[in-house]
Amino acid sequence: MISISKSFSGKPRKASMAAYRQLLAENHVEDILQDVKQNKNLDRKKELPVWLPLAECFNNGTRKAADAVPSGLYFLDIDEKGLTEQLWKKVQDENLIEEFRIVYFAESAGGGTHIWAWRTPGSTIEEDIQKLASRLSVSYDSHVTDLARCCFMVSEQYVKLLNPIVFEPLTEEQKKLFSSPKLGEVRRGLNEGTPLTEKDENGSDACSDPQPPNLGGLTYKGIAYDRIVQALLWKLGYGDAPAEGERNTALYTMSRYLRFICDFDEQKLFAILPHWGLSDHEVVATIKSAVSSVRPTDMPSQMKEVLSSLGAAIESGVEDAEALLVTPVENELPGILQDLADHAPEEFKEATLMAAMPMLGTLATGIRARYRDGKLNAPSFIVDIEAPQATGKSFVDNEFELLMDPIIKQDEVEWQKEIEYSLAKKDGQEVDNPCAQIRIIEPNIGVSAFLERALYAKGKHLFTYAPEIETVLKNNKGGAWTEKNDLFRLAYDNKPWGQHRISKDSFSGKVTLYYNMVMCGTPNKCRAFFADAESGLVSRVTPVILPDMVGAKMPQFEAWSQEDEEKVKRQCLCLMDEEGEVDLPLINKAIEEWDEGKRQEYLQTLYYPIDVFRRRAALNGFRAGIIAYLLEGRQETERAIKFALWFAERCFHYQLEIYGDKIDALHKNAISPQASMGNIRYLDALPKEFTKGDLVNLRLANNESPVVKTIICRWVKEGLIAKIGTNLWQKIQ
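Structure representation (structure tokens):
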């Protein structure tokens, strides 16, 4: 049996079918619901009678969790609107009514979905809710573990299922099964087998403000919580600690991420999170708000990155794991990539793999693949490796000689033709131009010579390796004859370019550009080369920052045996034989989902560079996926898909780290960039219902523009919020 009440604040009483139908009629439920749903008059919801599905009755006649007698039911409250019909079909098709012993299923007054079901003996309400929510793949309101929690009644047209058994009293045996402590029931303690019950030894209510338990070196998958907290602070841009004025926002944001590894336990969060001088009451309120906010179905990507980084640091014996906040390289990689990673020290694996892409793309020049926008793409990359002088950038020399060996040898033959032709011309002989197909070109090549080489290459990729980016930088200062930034942009996009003859000795022609490039340089020289953040080149380049090697021992690359070298060179020759157009539906789909995740991140954070860099980082990931697909024997394996996503993420990460603030400053028309105080998720940080002023104040506190009209319009268009009154909006998810 369950309880009902005439109103939200009314006195609870035992329910019956007759009492239920009487309340529907007397309270004019159908009329109220029509006003709520059609006219968006949400204030009238409070006029509706309520169910109290978790309580059979209340001992003192008052609606308090401490006085509730459990009904034996649990309540799954799904806030997301428009899912009721879809979920009801799933429940019927998969016979979940019987499997989960569901007794009530209805569309809620607010447009969400309410489900009641019998509890599993020995399980907590929270555990039962999580099981059903997981089966339905939905997020839910976590507050419904409170035995005094109510839900508004709806008219029978919105009810899919109401089993009359809910009106029958529990048997004595059932009462014993469900007579666990109130509210939190048997909440798991921080150590297995140590329940936190309703009352402590002194008789105080353990369900009030959480008290910090003794962590006793508690870890998550072998990683100490204090290390995770510190690493996440750095990941979110707060450094060692948030500044005064952003502590509440930081606490809320940190709680939203960390709840996924704390069993959504407020007490554990209260213990592991720093309080930064905030009062216990304020910390408790902030954590409760964060834990109960709408949760995604999966752990946030930034939280996953932190855990992966710290886990990799522990495995490799790195003590200061906070300094290793990079996505670790996958353990299993496609073909040549695995060989390259195996021979590189841990600090250089990432750069080794990313530097390989332009080289392997040049080898696989005959391959094309359609991106999700329908455009045909070649494997073209521009990779820029950045590190202070004398810190190991020259590792690319050996990689270049190994991977590009087939083309180096081809070019030697072509150079011989070129030299013979030049000598014959010098001697005044009439000889035909051999149109030598030299594909590895110098970083200081002129524009006319570049065009000539591209024409002679006949649709194959040219390649440049610049051990020092300063060579390209100086060459660009030679004027229109040597400045090639426009060429680099067009070549990345595989677009045509040409020039007209302006003298009898100049070269004239037009060609579609296919070009790959690897550059290395110090931070200052790289900044000078990419000084114009609006040129479009910074979003096309894949930057890589080598780890800080100051004071470190010289990195040791594993020597290549002759057998291993021959194996790699055979794979390189196979890539050169590849040609034609390939279809990559799985890689395209994975990249599209990755890109959508970044788009949603932008809508939450409103950090403009995220929206700028996500698009071409996704395209770079797709192109890396082309190479991985070929190395996997033309199969879209899990390894190939993972590598494509990894490349996109690392490209995006470094673009944002190096050029993010500059792009943001240009977007705001600022003279110099001023970094925001933390890359916070604005929509998450706002309350369920908020005003324009709430968002303005939040943005100002984060050193952001107070202009929010476009932001609100975008959120409305995306279905993230809805206007519910004058200057009042409500979050939908």
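Throughout, the numbering used here is defined as the position within the sequence shown, counted from one, plus 10. For each residue, glycine too, the CB sits at the ideal point set by N, CA and C. Computed from a prediction, not measured in an experiment: that's the story for all the values here.
Straight-line measurement puts the Cα of residue 310 at about 22 Å from the Cα of residue 293. Less than 8 Å separates the beta-carbon of residue 379 from that of residue 591. When C-alpha distances from residue 369 are compared across 43, 406, 497, 268, the shortest belongs to 406. Per DSSP, residue 566 has no beta-bridge partner at all. Between residue 500 and the set 534, 536, 545, 478, the nearest pair of CA atoms involves 545. If you draw a straight line from the Cα of residue 439 to the Cα of residue 427, it comes to about 15 Å.
About 17 Å separates the beta carbon of residue 455 from that of residue 414, a gap too long to meet the 8 Å contact definition. Of the residues 159, 128, 166, the one whose Cα lies closest to the Cα of residue 175 is 128. Ranking 675, 467, 530, 453 by CA distance to the CA of residue 498 puts 453 first. Judged by DSSP in its simplified three-state form, residue 391 adopts coil rather than helix or strand. By the 16-neighbour rule on beta-carbons within 10 angstroms, residue 734 is exposed. Between residue 106 and residue 145, the beta carbon gap of about 7 Å places them in contact (Cβ cut-off 8 Å). Listed in chain order, the alpha helix (DSSP H) runs fully inside the segment 229 to 274 are 235 to 245, 257 to 268, counting runs of at least 4 residues. Under the criterion of beta carbons closer than 8 Å, residue 612 and residue 677 do not qualify as touching, at roughly 12 Å. A contact between stretches requires three or more CB pairs, one per stretch, nearer than 8 Å, and the segment 263 to 272 meets this requirement with the segment 230 to 241.
At least 8 Å separates the beta-carbon of residue 728 from that of residue 565. In the structure shown, the three-state DSSP call for residue 180 is coil. Put simply, the segment 159 to 171 touches the segment 114 to 123. At least three CB pairs are less than 8 Å apart. Minimum Cα-Cα distance from residue 525 among the listed residues 598, 588, 463 corresponds to 463.
Relative to residue 372, the option among 312, 467, 422, 319 whose CA is nearest is 467. Inclusion of residue 549 and residue 626 in the CB contact set at 8 Å is warranted, their separation being smaller than that value. DSSP, reduced to helix, strand and coil, places residue 677 within a helical segment of the structure shown. Per the coordinates, the alpha-carbon of residue 274 lies some 29 Å from the alpha-carbon of residue 95. The alpha carbon of residue 530 has as its nearest neighbour, out of 520, 551, 181, 318, the alpha carbon of 551.
When DSSP states are grouped into helix, strand and coil, residue 443 belongs to the coil group.
Collapsing the DSSP output to three states places residue 94 in a helix. Distance between residue 73 and residue 101, taken at the CA atoms: about 32 Å.
Taking 8 Å as the upper bound for CB-CB distance, residue 482 and residue 393 are not in contact here, some 13 Å apart.
Taking residue 16 as the centre and dropping the five residues before and after it, the same chain places the C-beta of 59 closer than 6 Å to its C-beta, in chain order.
Taking residue 424 as the centre and dropping the five residues before and after it, the same chain places the C-beta of 446, 447, 448 closer than 7 Å to its C-beta, in chain order.
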